[in-house]
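Here's the structure, in C-alpha cells; my notes come after.
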Amino acid sequence: MALKALDIYKLLPKKNCKECGDPTCLTFAMKLASGKGDLEKCPYLDPGAKNILGASTRPPIQLVKIGVGERRFAVGEEFVLFRHEKTFYHPPGIMFEVSDLWSGKEIEAVTRRVGSEHYVRVGTDLTFSGVAIRNESGDPDQFAEAVGVVEATGTHVPEVLMAHDPAVQEAGLKKCGNFRPLIYSATIDSYKPLCALAKKFGSPLVVSAKDLLSLGELTKLCNAEGINDLLLDLSFPSLREYIPAATEVRQKSILRSAPELGYPVFLDTTRYPMQDAALILGIDKYAGVIVTRALSPASSVAALTLRQNIYTDPQKPIQMNPGIYPVGNPGKESPVLLTVNFSLTYFTVQGYLESSRVPCYMFIVDTEGLSVLTAVAAGKLNEALVRDSIKKFDLEHLVSHRRLIIPGYASPLSGKIEEETGWKVLVGPRDAAEIGDYLAKEWKS
Amino acid sequence: MSENSPDSSGKIGYVVLGATKAEGGTRTVSFRLGGESDLPFIGMNTGQGSIPLVAFEICDDPEYWSPIVTSYTGDLSNDAREWAGVAEKQYGADIIRLYLTSTKRRGFDNFSSITTVMEEVLSGTGLPLVVEGSNEPAIDSDVFQRCGEAGEGERLLLGTAEAGRYRSVAAAALAYHHSVLAQSPIDINLAKQLNILLREIGVKADHIMIDPYTGTLGYGFEYSYSVMERIRSAALKGDTDLAMPMITSATDSLSVKEVREADPAALEDIAVEWEFYAALSSAIAGSSVVCVRHPKTVPLLKSAFRELWAGKMPGEA
Amino acid sequence: MTDIDTAITLGNASLKEKLNAIDGPLAYEETAYHLPVAYALTGRPVHTGKEAILAYTLTKENPFVACESILALSEQGPGREPAPYTGFIGDAVLRKLGYSLVDGSILGLALLIGTPANAETASRICRELQEKYMLTFLAGDVVPALSLASVKLGLEYRLIPLGSTSVHGVHFVDIITRVALMFGGVVPGDPGRLLAYANQRAKAIAIVFPGLDNEGIALVDALRLLGIPIISLGGYEGGEWIATAPEDAVREGMERKGIKVTVTAIPIPMSCSPAFEGKSIRKEEMYVEFGGGRSPAFELLRVKPASEVTDGLIRVTGPEIGSLKEGSAVPLGIIVEVAGKSMRADFEPVLERRIHNFVNYGEGSWHVAQRDLIWVRISKEAVNNGIKIEHIGKLIATKFRIDFPDLLDAVQVTLVTDLDAVLKGKKEAEAIYEERDLRIQGMKDTDVDLFYSCTLCQTFAPNHVCIITPERPALCGAISWLDGKIAYEISPSGANQPVEKGNVIDRVKGEFDGVNRFVKKASHGEVERCSLYSIMEYPMTCCGCFECIALMLPEVNGIMVVNREYKGDTPSGMSFSTLAGTIGGGAQTPGFAGISKNYILSDRFLQDEGGIERLVWLPSLVKEELKERLVQKLNELGHPELFDKIADETKATTLEELVAFLDEVQAPALTMKPLL
C-alpha cells in the first residue's frame, strides 16, 4: 500500500527550505505520495526515513527512457491495473520494423515515414515512435550498415536494435549508441555481454525468457550487472499467453509483490499471424514498446487513435481549443451553435451537425472541459463567457444575423445571454442526436 | 489498487441466446454466454466463460444505413431475409442483429410489416437474433409487442431498454420469453439502476445483457472501454446487479469523420479497421458479444478471437 | 339489502352442488394452463369432474375452482355464448393483454358485476375507467344494461363482456392467474407465490352493482383474498366490501390499489418546456406582473390529508386576467396543496422551490426568487393566446404530477389575486417559513437514524461515496440531507440511497459502523472507514466537484479552506486546482477533505480537530459570503473576535505571511492540541 501524503510528511525534515523546488514540505510530500516526486531532491532527509520512503515512493514500474532529442519517449512508471483507477501515464512506443536484408531505399522509406507521418486529433500530434532494426543477415557489418541508413535519414527517431548476437549488437551500437537505442534482447546465455554493452552505451535492455519466472530471474541477474533500465519481452509463442502474462506482471509490480517484474513490457507483434490483433492487445494491455511491420494507412490511424484513447487521463476531460469551427461551407447567414469545449461534446455535436448537412458554425466556448450540464451547474458557462467569446472570436463579423443556438441544457441562461449580448437566443435540443431535426424545423435564415 | 482477480468472488451470470428445435425454437444453434469468474481472456484455460461472439448488424430499411455498407452489399441490403442468410453463410457471423430502421420513418404505423420482416429474417438464417425495435417512444408498445410475438420461442435478445424507456421491451420479453438488451449511457451506476428497474418489473437477471453504450474510437471510446472494465470488475467483486454478460456495438464507427471522409480508395479498409480496433478492444474490456456492420470485419474478429481464446468453444461441454 | 355473509354461505353451497353434478370432460380452448386457477393453486391439470372435485377439496372449497370447473363444461362447443360474450379468453390474446399491463399502456384491470339500477350510471363508470386506461371486464346483467345504453363493447374499447352470468366473473380471476404464471414467474402448485403476486403486483379492482346472486357474491367476496378492493355501489350489508357512491367508485378503487394515472400533457394554451426556462419577459413584453416589490406576493406548498385535496382542482380567488389592467402590478398568492402516501411535511420546502422552475417552463410566464420574495410576469403574447391566471395553476399542478408521480397522488392549486386575501395569506405563510427554517436549522445528525449517500460522481471518481447528513451537505454543496431523502423517495434505485448510521464508533470523529459498512460496499471495497467530522483520520473521499477544499497546514497547527472560485496562491503553496488534481478522483487523503461552503458553519465542522477555531485561512470572497452567519455563530460560541483572526488572501498568500499574521493576532490554532 502506497503511503499517504501525511505519512510521508511526518518523515520529512519539515524545514520548508524550498530547496526541492516545492514551497513547503507538505507539497513535496503530496508529490511523493502520487509517485511523481523525487526523493533525492530533499537535501535534509535522514537516512532512516529515506530507506522507508524509498521503497514506497519509488514507482512500482521502472521508468525507462528510449532515444534522445525531440522524439525520445519514456515508458513504465505506471501505478494502476485499470485506467479508471487513476490513469495510464506512458503510452507505448510503436516501432516500425526494418531488416538488414532490405535495400537501403526500403529502410530509408520506412524510417522517413516514421519521421514525418503524423495525425492531429483533438489538438494533439499523433506519431509512430521509432524504428526497430532487425538483424536477419547474421552479419555485423550488414547490421551496422542498416543502422547507418536509419541514422543517415536525420530523422532522429528512437531505435530498437534487434540482434541477439552481442557482436552484431556492438556493431550496431557503434553507429547509434549515443542515442540511447533499446537493445533487444538478452537471454540467460547472452545477458553478461549485453549488459556490458548496455552499460557502456547507457542503453536500456530487453530481456527474453520462456516464462515470467525465468524473466524475473534474469532481471535480477541484470541488476547484479548494474543494469536497471530493463524491459520484459512478453512475445511468447502464442498470442493467447499475452494478456494473462502482461496482467500478471502489472498486478505483481504495482502490488510490489514481485519487484523483479517491475519493468515495462516489450511486445514483438511481427511474430503473430494477426499483427493488428497483437498490436491492439499491446496498446490496451500494458505494453511499453511494441514492434510492428509498417502499418497500412487504415490501421495507422486506428492504432494511434486507440493509443490516444487508452492513455487519456479519465479524470481530466480532453479539451478542445475554444473558437469557431465551420461545418460544411457556412456563409454569413448560416446558423451559429454554441457548445462547450469538452472534446466528447464537441465531437458528438460535430458528428450530428455534419450528418444534418446544414452548413453552420460551431462556436466553442471555454468551460475548461466541463460538459454542458456541469458547466451550467458550476456556473462556468455563463452570459459573461458568451459575451467575451463573441468578441474574442469576432463572431459579429463572421455572420450577418444575430441569432445564437444554445444547448438545451443551457436553457436557464437564455434570457441572461440575450440581455448580455443583444443576440437572440434559440434553445436547441438537449440531445445532440436531435440537432438535425431541430435545424430542419427551426432554422430559417 | 486491489481491483484485481485474486480477491474476487463474483461470477458473470449466464444468458442464453437463441433456441434450437430441441429447446422449443427453430434456430440451428443457441449460445450460452457468461460464466466468467476472472478478467477477460484470463482464466479461460480453467474452462470458464465462452469465446466472444460476433454479431452482424442488418436492417430492414437501408436508407438509414451507412452507404459504406450498402455500396458494398448492393441490392442485398434491400432484402433482410437474404442479407441475414449471407451474413451467416458467407460472412461467418455468430449472431444476427436486426435493426427495424423502417420504424424511423415519420408517422410509421405499418405494424404488420414488422411481423413480416421478423418472419423473413427468422427464415433466412438459423442464427440467434438480436432485434432492435422501435426508434420512437410513441410506437414502442405496438412495435415490441409484434417483435416479441413474431419471435416467440426463439429466445431473442430484444433491444433497447433504457432507464426512461424499458417497459415495452420488458413486457415483450416477459410475454414471449426473450431477453432484454439494457443500455445505459456509459455510466456504471446507471447500468446498475436499469438492471434493478428491469428486475422490479419481473425480468430475471439471466434474461438481461448489459450494453454500456460504445462510442467509437476517438469519439468517447475511452469512456466506454473503462465503463466496461468497471462493470466487469464490480461483477467479479460480487455485485450481482452488474454480473450480466455485455454486448457492445460501436455503431458510429462508419459515420465518424475519419472514416466518412477517407480517400475513397482506402475507405473500405479504414472502415473495417475502425470497427475491428473498437470491437476487439471491447472484447478485451469484457464484452461477450461485439456487433459490427461491415461484412469484412466479421472474419477478422472471428480469427482474432480464435487466436486469443484458449477456453471452451460454444457447444463444448 | 342483501346480507353478504349469508349470501356467501348459500352461494358456496350452491356452487358445490353444481360442481358435484359435473359429468364429462373439462377443458378450455387455446390455453396451456388447463383450468388455470385449479392448475395454479394445486399444480394439477384438471380434465374431469372427479379431478375438479379433488382440486376443489385440495383448495379448501375455493369458489374460483368451482366456478371455473362449472364453466369449463358449459362453455364447450355449442355451449359457448354468442357474441358479444367472449367466454374464456385464450392464451394468445391474454399474452397481448398482459403485455399492455407490463408495458403500462393498460394501468390495471377492473371487474364490473351486478345489476345496474341505472344504465347511465354504469356507462359513466365505464367511460371513467376507459379514460383512466383501465381494462374492464363485465359479467352478468351489467352487459345487457350497457348494450341498452348503446355503450360499445369489445377489446378495442377496453370493455370485455365475459359472459351472461355472474359466475363468468371467474374468468377475471383466471386472467389474473395466468398473468402471474406468464409474467410473474409464479409456478403452478405454489399458492403462496400466486397470492403474493396477486396482492402486490396485480393492479385489479372490482366494482359491484346491487342485485348480485348468491353465487356471484361468493365469487366476488373471494377476490378479497387476492388483495382486490371490492367497491360496492349499495344494496349489500355486512362483509368487508367498501360502500362508495357511484361517482367516487373508480377513484376509490384505483387509490386503494395504488393505481396511478400518469400525466403527460399540460392542457393550457401555452408551450411548456425546460427550453423556456431561461427566457425572461421584459417590461415592454409584459402584460401583468406580481410581486417583485411592486405588489405583495408569496408562494406556499403544503401537504394535506388526501380527503382535503382534489387532484387537478384550480381556483382563482380575486380578479382574473381579463379584469387586470395591462402593465399593472397585482398581488398574488400561489398556494399549492398536495397529498400523497409517502409525502411528508419535511419535503414541502424542496417541492416548493420547484414552483420557480415550473412557472418558468411556460413560454409566456416568468418567475424569480421564492417564498414571499417572488416576482412573476405574464407576457402580452401569452395573454393574447388566451392564457389566464388559472392556467398558471394548471401548469404548476400538472408539472408536479408529471415530475413526482410516485410521491404525489393529488395536487390542487389556489391562486389568490385579491389584495386582502394575499396580505392575510402572506402573513400566515411567513409564519410557516420561519417555522421551517427553525426546524431545518435545528436539525442535528443525532436526530436521525438515516443518512443519505450520493454516488453520482462515480462516473469519473469510481470509488467516491458522499455521505450526506443533516449537518453536512454533500461536498458539492448541491444536495442537502432532505434533497437526498426526497431523491430516494422519487427514485428508490437511484444515486441517493439511505445509509443506516448504525452504532457510534467515535462520536467526535463521526465514525459509525453502519456508515462504514455502506461506504465499503459502495466504494467497491476500496474504502473501509469514514469519519464524517474529521479530516485527519479516514476523511470522506473526494470526487472533484467539492465547493471547497479543507486542508491541514502543519506549520501553523491549523486548517485552511479554499474555494473553487479562488484562483490565486494559498499559504499551502498550492492553488485550488493543483490541490483538486491531487486529492480528487475518489481517494481518501488524510489531512485533506472536500467540503461544501455551508458545512463551514456547521457545529460538526472539524469537530475532531477542535471546530472552527482551527480555521486559519479562508478566501475573502467566502468570508464575505458567509459573514453574517459566521459572525453569528462565533458570537454564539463566545468568540466574536475570531472572525478577524481568520486570515484571507489580503493578509497572507504564503506560509511565511500566514505564520506572521497568526502570531500577530494570536490565533487560537497556534496553541491548540497538535494536529500531528
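Protein sequences appear in the order of chains A, B and C.
Take 1081 as the starting number for the first sequence in our numbering and just add one per residue.
Take 19 as the starting number for the second sequence in our numbering and just add one per residue.
Take 9 as the starting number for the third sequence in our numbering and just add one per residue.
We treat Cβ as the ideally placed atom computed from N, Cα and C, and that holds for glycine.
Among the options, nearest to residue i - alpha-carbon criterion
i	options	result
C/A429	C/T325, C/R444, C/L650, C/S331	C/T325
B/R278	B/P85, B/G92, B/P58	B/P85
A/Y1405	A/D1393, A/V1420, A/G1115	A/V1420
A/Q1395	B/R250, B/V139, B/E240	B/E240
B/A296	B/E81, B/G238, B/I114, B/G36	B/G238
A/G1149	A/R1260, A/L1335, A/G1488	A/R1260
C/M278	C/I250, C/P327, C/K396	C/K396
A/T1428	B/V308, B/A102, B/T232, B/S197	B/T232
C/V630	C/R572, C/M680, C/L431, C/V667	C/R572
C/E555	C/N365, C/C538, C/L483	C/L483
C/A337	C/T318, C/K291, C/L308	C/K291
B/L57	B/E247, B/L272, B/K320	B/E247
B/A191	C/E636, C/V110, C/Y165	C/V110
Distance between residue j and residue i (C-alpha atoms, nearest Å)
i	j	result
B/E154	A/A1513	13 Å
A/T1447	A/D1511	19 Å
C/I239	C/R232	11 Å
C/E255	C/E223	27 Å
B/K11	B/Y109	What is shown of chain B runs 19 to 335, which leaves residue 11 of chain B out entirely.
A/V1144	A/D1309	6 Å
C/I184	B/Y32	30 Å
B/E138	B/R115	14 Å
C/K388	B/A168	54 Å
C/P327	C/L403	19 Å
B/P70	B/F323	7 Å
C/L23	C/A314	41 Å
C/E69	B/G177	45 Å
C/S172	C/A80	15 Å
Identity of the residues DSSP links to residue i by a beta bridge
i	result
C/I603	C/C556
C/C474	C/C462
C/S539	C/E519
C/E345	C/R310, C/Q420
B/Y231	Note: B/Y231 sits in no beta bridge, so no partner.
C/W383	C/G299, C/V376
C/P506	C/Y460
A/L1361	Paired residues: none, contrary to the question.
Within-8 Å CB hit, residue i to chain C
i	result
A/M1081	Caution is warranted here: a pLDDT of 41 is assigned to A/M1081, below 50, making its placement in the model unreliable, and the coordinate value is therefore given only provisionally. Answer no: the Cβ-Cβ gap between A/M1081 and chain C never drops below 8 Å.
B/N96	no
B/I228	no
A/A1085	yes
B/G177	no
Within-8 Å CB hit, residue i to chain A
i	result
C/G286	yes
C/E136	no
B/A190	no
B/E291	yes
Practice item. Report the residues of the region 119-153 of chain B with a CB closer than 9 Å to any CB of chain D, ordered along the chain. Key: Note that chain D does not occur in the displayed structure, where the protein chains are A, B and C.
Check your understanding: Taking any Cβ of chain A, which residues in the region 233-253 of chain B have a Cβ under 9 Å from it, in chain order?
Key -> Within the region 233-253 of chain B, G233, L235, G236, Y237, G238, F239, E240, Y241, Y243, S244, V245, E247, R248, S251 place their CB atoms closer than 9 Å to a CB of chain A, listed in sequence order.
Exercise for review: Using a Cβ-Cβ cut-off of less than 8 Å, give me the residues of the region 91-114 of chain C that come near chain B, in sequence order.
Suggested key: R103, K104, G106, Y107, S108, L109, V110, D111, G112, S113
Exercise for review: May I ask you to list, following chain order, the residues of the region 99-114 of chain B that have a beta carbon less than 9 Å from some beta carbon of chain A?
Suggested key: none
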